[in-house]
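Protein chains in written order, with the working numbering: chain Y, 50 to 260; chain D, 50 to 260.
There are 2 protein chains.
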Amino acid sequence: MKFYRRFEAGQVVVWAGDRMDFVASVVAGMAGLTQQLEDGRTQMVGLLLPSDFLGRPGRESAAYTVTATSDLLLCCFRRKPFERLLIDNPRIASRLLEMTLDELDAVRDWLLLLGRKSAREKIASLLVILARREAALIKRRPEGRIAVELPLTREAMADYLGLTLETVSRQMSALKREGVIELEGKRRVIVPSFQDLVLESGDDSDGGPLS
Amino acid sequence: MKFYRRFEAGQVVVWAGDRMDFVASVVAGMAGLTQQLEDGRTQMVGLLLPSDFLGRPGRESAAYTVTATSDLLLCCFRRKPFERLLIDNPRIASRLLEMTLDELDAVRDWLLLLGRKSAREKIASLLVILARREAALIKRRPEGRIAVELPLTREAMADYLGLTLETVSRQMSALKREGVIELEGKRRVIVPSFQDLVLESGDDSDGGPLS
DNA sequence: CGTTCCCTTGATGGGCTTCAAGACTCGTGG
DNA sequence: CCACGAGTCTTGAAGCCCATCAAGGGAACG
């Protein structure tokens, strides 16, 4: 009933429209849900980090293409038994509802980012989000000088932010030039002052409760 | 336990952060959830139509400002009794989960719209969405020549689409000039060919099941 | 008949995309 | 060992789409 699956960076987990008879939880690594227009324009519509849930109970086929953006480890359950589990165990169903509502809130913040933020603010916002998610795993709140893992290509960042990869690259360079961030290789960012990064992100909310 | 509340177009239902001890279902009219950056930039992050659910069980205060975009009638339940209902009645809880998952899918389509579509495609997409929602209420699928109610100001449309109200106005004029739409007053649109409008919206999906 | 709200239209400029070329990194094979 | 190539990223130049600033039209209301 429960089993693990491993994917390398860049591999596709499922294609939109394909049959999908499992649900899963991310153990390690990162995955993106993406949607496309006919002419190929691509937008990421979900970013899955450790502890996130993948799949929809009661649905036969995948609504979105899921791609591993870094090496990825999934803990999978066959869908039918999982659906039974939901019916028999209201506590689990209730927990799933809560996770879904949290995800809905996160996606709504994402709408604000895509609709109203500048390229620079978008980049800063993404780094803030990743820093907060990383810190939340160890029940902490980011502050001062911190390091952020960035297991995304420039292209994946662009698809998340609704930009081109060139613009992402330019804005990363600009933030570096101005000392807001430092780069250790392409996929690791040092943030000298997390507070300053939050200022660059446009919104001043403190990130809410640790939950 | 159950009561009705009425709001006029433009009135605020709740302010973000305010205490909210009811949940509600939209009976008639339309409401928008909006989020703001400190400098005033506004993005709509939810659009509630008849049959949609408002509020989050288990949460004390509103996360977003809710505004009636047209005259609005809500069917409200006090939050505490409603939460008890969810615990005692798994069928209702399960239904709420399904509605939340549907909303999540809708918001993900919205991400694609904000991140990757042109102003013209955004306008067309909004009209397609409203036409489909309206048609779904009577279990039909829009096609051919149809009318679409547009109970939104140009500014509310702009906040939904991540544009300025001037751009919305210009693109509406352009679509009209080219015969894709006709206007009956400012808040009612005639679509000579729904299929043509879908082509203008950028994605060619058929709108999925009627559910 | 003036005020207010909403909408339309014009002119201008800027932020991001597009197109293009080159740099860096890493793994492979000569 | 080093040359080569593929994938990823950076940087430059040009142009377009949409935002911004500005003015005015139209309808509803007192």
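We put the CB at the ideal spot given by N, CA and C, even for glycine.
Helix, strand or coil at residue i according to DSSP, with G and I counted as helix
i: glutamine 84 of chain Y; result: strand
i: arginine 226 of chain Y; result: helix
i: methionine 79 of chain D; result: coil
i: threonine 116 of chain Y; result: strand
i: threonine 202 of chain D; result: coil
i: glutamate 170 of chain D; result: helix
i: alanine 73 of chain Y; result: strand
i: leucine 186 of chain Y; result: coil
i: glutamate 231 of chain D; result: strand
i: serine 100 of chain D; result: coil
i: alanine 111 of chain D; result: coil
i: alanine 196 of chain D; result: strand
i: arginine 181 of chain Y; result: helix
Test: residue i CB closer than 8 Å to a CB of chain D
i: leucine 224 of chain Y; result: no
i: glutamate 249 of chain Y; result: no
i: arginine 128 of chain Y; result: no
i: leucine 145 of chain Y; result: yes
i: alanine 142 of chain Y; result: yes
i: leucine 163 of chain Y; result: yes
i: glycine 89 of chain Y; result: no
i: glycine 81 of chain Y; result: no
i: aspartate 252 of chain Y; result: yes
i: glutamine 84 of chain Y; result: yes
i: glycine 104 of chain Y; result: no
i: arginine 157 of chain Y; result: yes
i: alanine 184 of chain Y; result: no
i: leucine 98 of chain Y; result: no
i: valine 177 of chain Y; result: no
Residue i at chain Y interface by Cβ criterion, 8 Å
i: threonine 149 of chain D; result: yes
i: alanine 205 of chain D; result: no
i: leucine 153 of chain D; result: yes
i: valine 75 of chain D; result: no
i: tryptophan 64 of chain D; result: no
i: proline 139 of chain D; result: yes
i: leucine 201 of chain D; result: no
i: glutamine 220 of chain D; result: no
i: alanine 111 of chain D; result: no
CB of residue i within 8 Å of CB of residue j, strictly
i: leucine 122 of chain Y; j: glycine 78 of chain Y; result: yes
i: arginine 127 of chain Y; j: phenylalanine 56 of chain Y; result: no
i: alanine 80 of chain D; j: alanine 112 of chain D; result: no
i: lysine 171 of chain Y; j: leucine 259 of chain Y; result: no
i: alanine 180 of chain D; j: valine 197 of chain D; result: yes
i: arginine 182 of chain Y; j: valine 240 of chain Y; result: no
i: proline 106 of chain D; j: glutamate 132 of chain D; result: yes
i: glycine 211 of chain D; j: leucine 163 of chain D; result: yes
i: serine 218 of chain Y; j: arginine 203 of chain Y; result: yes
i: leucine 86 of chain D; j: leucine 153 of chain Y; result: no
i: valine 156 of chain Y; j: valine 156 of chain D; result: yes
CA-to-CA distance, residue j to residue i, given in whole angstroms
i: valine 229 of chain Y; j: leucine 214 of chain D; result: 34 Å
i: serine 74 of chain Y; j: aspartate 253 of chain Y; result: 31 Å
i: threonine 91 of chain Y; j: leucine 161 of chain D; result: 8 Å
i: leucine 96 of chain Y; j: leucine 103 of chain Y; result: 10 Å
i: leucine 68 of chain D; j: glutamate 227 of chain D; result: One detail in the question is off: residue 68 of chain D reads as arginine in this sequence, not leucine. Rounded to whole angstroms, arginine 68 of chain D to glutamate 227 of chain D spans 48 Å at the Cα level.
i: arginine 169 of chain Y; j: threonine 116 of chain D; result: 30 Å
i: leucine 150 of chain D; j: valine 94 of chain Y; result: 14 Å
i: aspartate 120 of chain D; j: serine 100 of chain D; result: 15 Å
i: lysine 225 of chain D; j: leucine 176 of chain D; result: 13 Å
i: glutamate 249 of chain Y; j: alanine 173 of chain Y; result: 6 Å
i: serine 167 of chain D; j: asparagine 138 of chain Y; result: 46 Å
i: leucine 246 of chain Y; j: phenylalanine 243 of chain D; result: 46 Å
i: methionine 206 of chain D; j: isoleucine 178 of chain D; result: 12 Å
i: leucine 98 of chain D; j: glycine 256 of chain D; result: 17 Å
i: proline 200 of chain Y; j: tyrosine 209 of chain Y; result: 13 Å
i: tryptophan 159 of chain D; j: proline 191 of chain Y; result: 30 Å
i: threonine 216 of chain D; j: glutamate 231 of chain D; result: 18 Å
i: tyrosine 53 of chain Y; j: proline 130 of chain Y; result: 16 Å
i: threonine 83 of chain Y; j: threonine 118 of chain Y; result: 11 Å
i: arginine 140 of chain D; j: lysine 51 of chain Y; result: 26 Å
i: arginine 144 of chain Y; j: glutamine 220 of chain D; result: 44 Å
Boundaries of the alpha helix (DSSP H) in which residue i is found, first to last residue
i: glutamine 244 of chain D; result: 243 to 249
i: methionine 148 of chain D; result: 139 to 165
N- and C-terminal bounds of the beta strand (DSSP E) containing residue i
i: lysine 51 of chain D; result: 51 to 56
i: leucine 122 of chain Y; result: 121 to 127
i: leucine 212 of chain D; result: Premise fails: leucine 212 of chain D is in no beta strand (DSSP E) and is neither H nor E.
i: glycine 256 of chain Y; result: Glycine 256 of chain Y -> no beta strand (DSSP E), and no H or E assigned at all.
i: aspartate 237 of chain Y; result: In the sequence on display, residue 237 of chain Y carries arginine and not aspartate. Taken as a continuous stretch (DSSP letters only), the beta strand (DSSP E) holding arginine 237 of chain Y covers 237 to 240.
i: glutamine 92 of chain D; result: 91 to 97
Cβ-heavy atom distance, residue i to the ligand HEM, below 7 Å
i: threonine 91 of chain D; result: For the structure depicted, the ligand HEM is absent and the ligand set is empty, with no information on it obtainable.
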